[in-house]
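Notes follow the structure.
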Amino acid sequence: MILWNEIFKPKFPTLALRIVATDVDPLAIQRAERGCYRASSAKELPAAWRERAFTQVADGLCLKDEYRSPITFIVQDIRKKLPDGPFHLILCRNLVFTYFDEAMQRKTMQRITAELAPGGVLVLGKLESLPEGHGALMPWFPSLGVYRKIPNKGYP
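Going by my numbering, the sequence shown opens with residue 2, and the numbers climb by one from there.
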């Protein structure tokens, strides 16, 4: 959100950004909704961005409401359901294609592909790879784990 607000929103003021964040763990979602971090987590941000985006609190920094408000947080198990799309970008790093068995990877891949817009992008962890038979996706930057949905393919 910080990058969006600081760089892209001024250039594309009529374009809306919607972020949906999911996790199976309700406590992880609660922590994410709070948007509070140790100050060291934001040390790489330009100082001006840090000042505009965060409020200083005793034990760190908390993201201001204007940066958190476009994000919807959902307790959801990706093995059973995905948020309703279509999405132009799905970040699915270091979970499905690392910890799930091949059958679950295939099922989840079908769900992801169904919710990804034609031409949309799926980003995995750098060391992850898609299961065989992912015909609706083509490598875009495969060394970075980035794939693109082939337009008009992969819909059930």
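Ideal Cβ placement from N, Cα and C applies to all residues, glycine included. Keep in mind it's a predicted model, so treat the numbers as computed, not measured.
Between which two residues does the beta strand (DSSP E) holding residue i run?
| i | result |
| --- | --- |
| aspartate 66 | First-last for aspartate 66: 66 to 69, but that is the alpha helix (DSSP H), not the beta strand (DSSP E). |
| proline 119 | 117 to 124 |
| isoleucine 8 | Counting along the chain, isoleucine 8 falls outside any beta strand (DSSP E), and DSSP gives it neither H nor E. |
| aspartate 24 | 20 to 24 |
| isoleucine 72 | 72 to 76 |
| phenylalanine 88 | 88 to 92 |
Output yes or no for whether 9 Å exceeds the beta carbon distance between residue i and residue j.
| i | j | result |
| --- | --- | --- |
| lysine 82 | arginine 112 | yes |
| leucine 100 | leucine 62 | Looking at the sequence itself, residue 100 is tyrosine, so the reference to leucine does not match. Against a cut-off of 9 Å, the Cβ pair of leucine 62 and tyrosine 100 comes out as no contact. |
| glutamate 34 | arginine 69 | yes |
| leucine 131 | leucine 138 | yes |
| threonine 56 | leucine 64 | yes |
| histidine 89 | glycine 126 | no |
Within the present structure, is the beta-carbon of residue i separated from the nearest heavy atom of the ligand PLP by less than 8 Å?
| i | result |
| --- | --- |
| leucine 128 | With respect to the ligand PLP, the structure shown offers nothing to examine, as it has no ligands at all. |
Hey, out of the options, whose CA is closest to residue i's CA?
| i | options | result |
| --- | --- | --- |
| isoleucine 79 | Gly61, Pro71, Leu92 | Leu92 |
| glutamate 67 | Pro119, Lys10, Thr23, Ala115 | Lys10 |
| aspartate 85 | Ala22, Phe13, Ile8, Asn6 | Ala22 |
| alanine 48 | Ile3, Asn95, Leu131 | Ile3 |
| aspartate 26 | Ser41, Val122, Ile75, Phe13 | Ile75 |
| tryptophan 196 | Phe98, Arg53, Ala115, Val122 | No answer is possible for residue 196: the residues shown for the chain start at 2 and end at 157. |
| isoleucine 20 | Ala104, Pro87, Thr109 | Pro87 |
Span of the alpha helix (DSSP H) holding residue i?
| i | result |
| --- | --- |
| valine 97 | 97 to 100 |
| alanine 29 | 27 to 35 |
At 4 residues or longer, what runs of the alpha helix (DSSP H) sit wholly inside the stretch 129 to 153?
The stretch 129 to 153 contains no complete alpha helix (DSSP H) run of 4 or more residues.
For the stretch 33 to 57, list the alpha helix (DSSP H) runs that are entirely contained and at least 4 residues long, ordered along the chain.
Here the runs fully enclosed are 48 to 54.
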